[in-house]
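Residue numbers (the working numbering), protein chains in the order written: chain R, 33 to 340; chain L, 33 to 340. All residues carry an ideal CB built from backbone N, CA and C; glycine is no exception. The next block holds one structure in the form of structure tokens; read it before the comments.
Number of protein chains: 2
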Amino acid sequence: MTSESFSRAAIIGIGLIGSSLGRAMREAGVAGTIVGFDQSPDVIRRAAACGVVDAPAASLDEALVGADLIVVSTPVGAMATVLAEIAAKAEAGALVIDVGSVKGAVVTAAADLNPRVHIVPCHPVAGTEQSGPEAGFASLFKDRWSIITPLARHDEAYLAAVKCAADLWRAVGAHVELMDHQHHDLALAITSHLPHLIAFTLVGAADDLESVTEAEIVKYSAGGFRDFTRIAASDPVMWRDVFVNNKDAVLEVLGRFTEELALLQRAIRWGDAETLEKVFARGRSLRRAIVAAGQEKDVPNFGRDEKA
Amino acid sequence: MTSESFSRAAIIGIGLIGSSLGRAMREAGVAGTIVGFDQSPDVIRRAAACGVVDAPAASLDEALVGADLIVVSTPVGAMATVLAEIAAKAEAGALVIDVGSVKGAVVTAAADLNPRVHIVPCHPVAGTEQSGPEAGFASLFKDRWSIITPLARHDEAYLAAVKCAADLWRAVGAHVELMDHQHHDLALAITSHLPHLIAFTLVGAADDLESVTEAEIVKYSAGGFRDFTRIAASDPVMWRDVFVNNKDAVLEVLGRFTEELALLQRAIRWGDAETLEKVFARGRSLRRAIVAAGQEKDVPNFGRDEKA
Numbered sequence: 033m034t035s036e037s038f039s040r041a042a043i044i045g046i047g048l049i050g051s052s053l054g055r056a057m058r059e060a061g062v063a064g065t066i067v068g069f070d071q072s073p074d075v076i077r078r079a080a081a082c083g084v085v086d087a088p089a090a091s092l093d094e095a096l097v098g099a100d101l102i103v104v105s106t107p108v109g110a111m112a113t114v115l116a117e118i119a120a121k122a123e124a125g126a127l128v129i130d131v132g133s134v135k136g137a138v139v140t141a142a143a144d145l146n147p148r149v150h151i152v153p154c155h156p157v158a159g160t161e162q163s164g165p166e167a168g169f170a171s172l173f174k175d176r177w178s179i180i181t182p183l184a185r186h187d188e189a190y191l192a193a194v195k196c197a198a199d200l201w202r203a204v205g206a207h208v209e210l211m212d213h214q215h216h217d218l219a220l221a222i223t224s225h226l227p228h229l230i231a232f233t234l235v236g237a238a239d240d241l242e243s244v245t246e247a248e249i250v251k252y253s254a255g256g257f258r259d260f261t262r263i264a265a266s267d268p269v270m271w272r273d274v275f276v277n278n279k280d281a282v283l284e285v286l287g288r289f290t291e292e293l294a295l296l297q298r299a300i301r302w303g304d305a306e307t308l309e310k311v312f313a314r315g316r317s318l319r320r321a322i323v324a325a326g327q328e329k330d331v332p333n334f335g336r337d338e339k340a
Numbered sequence: 033m034t035s036e037s038f039s040r041a042a043i044i045g046i047g048l049i050g051s052s053l054g055r056a057m058r059e060a061g062v063a064g065t066i067v068g069f070d071q072s073p074d075v076i077r078r079a080a081a082c083g084v085v086d087a088p089a090a091s092l093d094e095a096l097v098g099a100d101l102i103v104v105s106t107p108v109g110a111m112a113t114v115l116a117e118i119a120a121k122a123e124a125g126a127l128v129i130d131v132g133s134v135k136g137a138v139v140t141a142a143a144d145l146n147p148r149v150h151i152v153p154c155h156p157v158a159g160t161e162q163s164g165p166e167a168g169f170a171s172l173f174k175d176r177w178s179i180i181t182p183l184a185r186h187d188e189a190y191l192a193a194v195k196c197a198a199d200l201w202r203a204v205g206a207h208v209e210l211m212d213h214q215h216h217d218l219a220l221a222i223t224s225h226l227p228h229l230i231a232f233t234l235v236g237a238a239d240d241l242e243s244v245t246e247a248e249i250v251k252y253s254a255g256g257f258r259d260f261t262r263i264a265a266s267d268p269v270m271w272r273d274v275f276v277n278n279k280d281a282v283l284e285v286l287g288r289f290t291e292e293l294a295l296l297q298r299a300i301r302w303g304d305a306e307t308l309e310k311v312f313a314r315g316r317s318l319r320r321a322i323v324a325a326g327q328e329k330d331v332p333n334f335g336r337d338e339k340a
């Protein structure tokens, strides 16, 4: 990617991911001016205050003027509307990427839009439990994977746009993988959506237990519970939209999960120690593989403990 | 706790917790000599090699000679047998603590033993996903909670032993709470046992999915899955024994969990965005409380990300 590949980048929706990509693009020197728009005026103000955007835009239309790169980083539920406006109003030939955690819904929304802009659906698999423009940071995508699920367009301009999007992700430190949106939505259902659903469920179940106080749950959370609260602290609106828009894949992997859980529940009820140990023994190798692949730090307890 | 409160401490079972307590006791200067015994000769050798114990013992009997503090840090399933031997053979008046994650089974096993030794059931709510004598470290218990569930003995010598055990935990940096074993087993079922069961289940379900490869699960694990593999990498034998020995409480909280999960499953199936958002919004406050209580680091993503 040559320096300043884009003269003007517009970030639509300036939360954790949008603001991180803004910072990362600036650090990589791939964009000249970065403008930003958000449906919340307060978020636009904060994004300008913390230096994520060079120029706040008062409207979506204003943000699109002259932009040759448009990043759609709103919750998934807002994307169909935003993409339709962009396809109608943005500069011809602009590259439009989104960063949504569900791709089928985005591909469907983009399929029938005017091909005068090039919409390349993307999903950088990276994040933290924090939200808002202040939470972003330039190295968020470093060594993470960004998945591209191209539209069914095979014209040369579109293929060039897909390559351009891949180069952009590489410029901010990510690895890139291309796949079809159906496979993305199933793979992410197991590696991201189901873990979030389970974490939200566990925290809800704990909240409902009358016989154990919240103070006790807090005190004894180091027994394992606290790990789940990190994920359960993620943005509720973003995750609401993920589940509404990836229903089939989530219900499919949830079915697998509840089957496995029923098996373990039965083993506990019947004191079947052998089955329990056999299932539990499978966890270590997968973690080792994740650490070996550089997707996790090689320290116990996520490095929480100070070993003075 | 006065310096060298114990002249000779025997650690029976030298894994993560036993070896951490050995190191912590040495650092705090509360024990003169520390001897260690494990059913595995290899573990005894490694514990001596990494300096956790001053003197390896060739048998349980040898470890007990002259010991005024005995720490039982075996898996919960082995405790009844070990405690019975200790009650028969240890020096009269010795303080015996265990560190098991289930307390009902330990209290039951200890109740009818000879009161010539003072068995004080304990559970330090601390740990990592690693195992073995090399994994232990002195600061593991710092600012964590150690729960004591005393036996139904009210003689003066026993009450003094309970105080002595509490002082020991405070000397190694822990806070102490006393409660009955039934309440312990329910509170820990929700804060520790169920989170582990869920993590083991999720990893098992991912392993069984033919349509998504292990390589993909590894690559995209930063979407949330990797958090669960930390817990699922915990010692399978230790956890097998926890579930076999805390069946009722685990099945009770598991029932609450599956009810909550069914509610969310239904909301996903019917596209009930409002219910999803409402449930998801509950996660943040509990995490904030855990961070405020010093039970979790106040950094996004467990501090995994380097923000260069």
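- Under DSSP, the beta-bridge partners assigned to residue 153 of chain L are L/130.
- Using a Cβ distance threshold of 7 Å, residue 156 of chain R and residue 79 of chain R do not count as a contacting pair.
- Contact with chain L is absent for residue 49 of chain R, since none of that chain's Cβ atoms lies less than 7 Å from the residue's Cβ.
- Under the Cβ criterion (8 Å, minimum of three pairs), the stretch 126-144 of chain L counts as touching the stretch 86-103 of chain L.
- With its beta carbon at least 7 Å from every one in chain L, residue 214 of chain R lies outside the interface.
- At least one beta carbon of chain L lies nearer than 7 Å to the beta carbon of residue 253 of chain R.
- In this structure, the CA atom of residue 266 of chain R is about 8 Å from the CA atom of residue 160 of chain R.
- Excluding five sequence positions before and after residue 116 of chain R, the CB atoms of its chain that fall closer than 7 Å to its own CB belong to 145, given in chain order.
- No Cβ of chain L is located within less than 7 Å of the beta carbon of residue 58 of chain R.
- For residue 205 of chain R, there is no enclosing alpha helix (DSSP H), as DSSP marks it with neither H nor E.
- In the three-state reduction of the DSSP assignment, residue 55 of chain R falls in the helix class.
- Residue 334 of chain R and residue 258 of chain R have their C-alpha atoms some 12 Å from each other.
- With 16 or more neighbouring CB atoms inside 10 Å of its own CB, residue 292 of chain R falls in the buried class.
- Look at residue 123 of chain L here: in three-state DSSP terms it is coil, with no helix or strand label.
- Using a Cβ-Cβ cut-off of 7 Å, residue 314 of chain R is close to 235, 236, 239 of chain L, given in chain order.
- Residue pairing by DSSP places residue 271 of chain R in no beta bridge whatsoever.
- Here the alpha carbons of residue 230 of chain R and residue 230 of chain L stand approximately 8 Å from one another.
- Counting only runs of 4 or more residues that sit fully inside the stretch 270-333 of chain L, the alpha helix (DSSP H) segments are 279-301, 305-312, 315-324, in chain order.
- The C-alpha of residue 275 of chain L lies about 52 Å from the C-alpha of residue 196 of chain R.
- DSSP places residue 88 of chain L within a strand segment (E or B) once states are collapsed to three.
- DSSP places residue 261 of chain R in the uninterrupted alpha helix (DSSP H) bounded by 257-264.
- Here the C-alpha atom of residue 238 of chain L lies approximately 31 Å from the C-alpha atom of residue 244 of chain R.
- The Cβ atoms of residue 141 of chain L and residue 184 of chain L do not sit closer than 7 Å to each other.
- A residue is called buried when at least 16 other Cβ atoms come within 10 angstroms of its Cβ; residue 201 of chain L meets this threshold and is buried.
- The alpha-carbon of residue 43 of chain R is positioned some 31 Å away from that of residue 329 of chain R.
- Looking at the backbone, the Cα of residue 297 of chain L and that of residue 322 of chain L are separated by about 27 Å.
- The DSSP-derived three-state label of residue 64 of chain R is strand.
- When the beta-carbon positions are compared, residue 315 of chain R and residue 264 of chain L come within less than 7 Å of each other.
- By the criterion of at least three beta-carbon pairs nearer than 8 Å, the stretch 300-308 of chain R is not in contact with the stretch 241-255 of chain R.
- A distance below 6 Å between beta-carbons, with the five flanking residues on each side excluded, links residue 213 of chain L to the following residues of its chain, in chain order: 135, 136, 139, 181.
- The bridge partners DSSP lists for residue 209 of chain L are L/179.
- Its chain contains 119, 122, 126, 128 as the residues whose beta carbon lies nearer than 6 Å to that of residue 149 of chain R, once the 5 sequence neighbours on both sides are disregarded; these appear in chain order.
- About 6 Å separates the beta carbon of residue 85 of chain L from that of residue 54 of chain L, a gap short enough to meet the 8 Å contact definition.
- Each of L/318, L/174, L/151, L/176 was checked against the Cα of residue 192 of chain L, and the nearest Cα belongs to L/151.
- Put simply, the CB of residue 55 of chain L is far from chain R, with every gap to its CB atoms at 7 Å or more.
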